[in-house]
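As structure tokens, the structure follows; a few thoughts come after it.
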Amino acid sequence: MAFGRSSSRRPVEPVTLKILVAGGFGVGKTTLVGAVSEIRPLRTEEDLSEIGRPVDDTVGVEGKTTTTVAMDFGRITLREDLVLYLFGTPGQDRFWFLWDELAQGALGAVVLADTRRLADSFAAVDYFERRDIPFTVAVNCFDGADRFPAETVRAALDLDPDVPLMMCDARERESAKEVLAAVVEHALVRVGAGREPAST
Ligand SMILES: Nc1nc2c(ncn2[C@@H]2O[C@H](COP(=O)(O)OP(=O)(O)O)[C@@H](O)[C@H]2O)c(=O)[nH]1
Ligand SMILES: [Mg+2]
14 MAFGRSSSRR PVEPVTLKIL VAGGFGVGKT TLVGAVSEIR PLRTEEDLSE
64 IGRPVDDTVG VEGKTTTTVA MDFGRITLRE DLVLYLFGTP GQDRFWFLWD
114 ELAQGALGAV VLADTRRLAD SFAAVDYFER RDIPFTVAVN CFDGADRFPA
164 ETVRAALDLD PDVPLMMCDA RERESAKEVL AAVVEHALVR VGAGREPAST
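The sequence shown maps to residues 14 to 213 in the numbering used here.
What follows is the structure, encoded as structure tokens:
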């Protein structure tokens, strides 16, 4: 790995990397950031107002009464020399203007997907493909959602063969950590061995 100089016991200045957490509305972005973050996640949630209700399609997430209007922010130390800053992207189309700002300096992204609403994550997949930002897909396995083989999900999302796809439970810290570790690994392979990504 590009930054494996941790054989000495001296405290190391960690590399900090920025990772985006994307995917459709209600797919578990806020949940994932909250499950792993060492700092109290900064959330900007608003009640789903009567005005927003016709716009925010809550089929499948009927229990959801708040929506993230700006972003989720969190931090996780993956290793003593590797700290991730997590930025959840807003899931609703009307906040697309924020994406280019959030994507600045990002090493990579995870696109969360819900098999009941796969199409909701198409836009995020398209976004990262078009900008050549390394990403992985994590299917958030909701209770009550049908389980599909990875290859079926991969085909439905029309993913390139090199895009890693995994199953996760966004509520579980260890599961969310695995997802983030996979994103970092994939992105670093893409960035190229030997070249340290710019810290944010
Ligand atoms: N059963 C189950 N519920 C989840 C999971 N992840 C998120 N949720 C719930 O689904 C709803 C939407 O999640 P949220 O993180 O707010 O979605 P976001 O819009 O992508 O930020 C919340 O009520 C969560 O508690 C999961 O893995 N399993
Ligand atoms: Mg959210």
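Just so it is clear, CB atoms sit at the ideal spot from N, CA and C, and this is done for glycine as well. As the structure is a prediction and not an experimental result, all values here were calculated from the model.
Cβ neighbours of PHE100 in the same chain (closer than 8 Å, five flanking residues each side left out)
Here the question's residue 100 lines up with position 87 in the sequence shown. Excluding positions up to five away in sequence, the list reads LYS31, ILE32, LEU33, VAL34, MET84, ASP85, PHE86, LEU115, ALA119.
Which word fits LEU149, buried or exposed, when buried means at least 16 other C-beta atoms lie within 10 angstroms of its C-beta?
As a working note, residue 149 is residue 136 in the sequence shown. The amino acid occupying residue 149 in the given sequence is Thr; Leu does not appear at that position. Label assigned to THR149: buried.
Verify the contact flag: ASP127, CB atom, against every heavy atom of ligand 2, threshold strictly below 8 Å.
Walking along the sequence shown from the start, residue 127 turns up at place 114. No.
Distance between TYR98 and GLN117 (C-alpha atoms, nearest Å)
Counted from its first residue, the sequence shown places residue 117 at position 104. Counted from its first residue, the sequence shown places residue 98 at position 85. For GLN117 and TYR98, the distance between alpha carbons rounds to 13 Å.
So does LYS42 have its beta carbon nearer than 8 Å to some heavy atom of ligand 1?
What you label residue 42 is simply residue 29 of the sequence shown in a count that begins at 1. Yes, ligand 1 has a heavy atom inside 8 Å of this Cβ.
Going by DSSP in three states, THR90 sits in which element: helix, strand or coil?
In the sequence shown, counting from the first residue as 1, residue 90 sits at position 77. Residue state, collapsed to three classes: strand.
Quick one, are the C-beta atoms of ALA163 and VAL124 less than 9 Å apart?
Residue 163 sits at position 150 when you count from the first residue of the sequence shown. Residue 124 sits at position 111 when you count from the first residue of the sequence shown. Against a cut-off of 9 Å, the Cβ pair of VAL124 and ALA163 comes out as no contact.
Indicate, with yes or no, if ligand 2 has a heavy atom lying under 8 Å from the CB of GLY101.
Against the sequence shown, residue 101 aligns to sequence position 88. Yes; taking the cut-off as 8 Å, the Cβ of GLY101 has a heavy atom of ligand 2 nearer than that.
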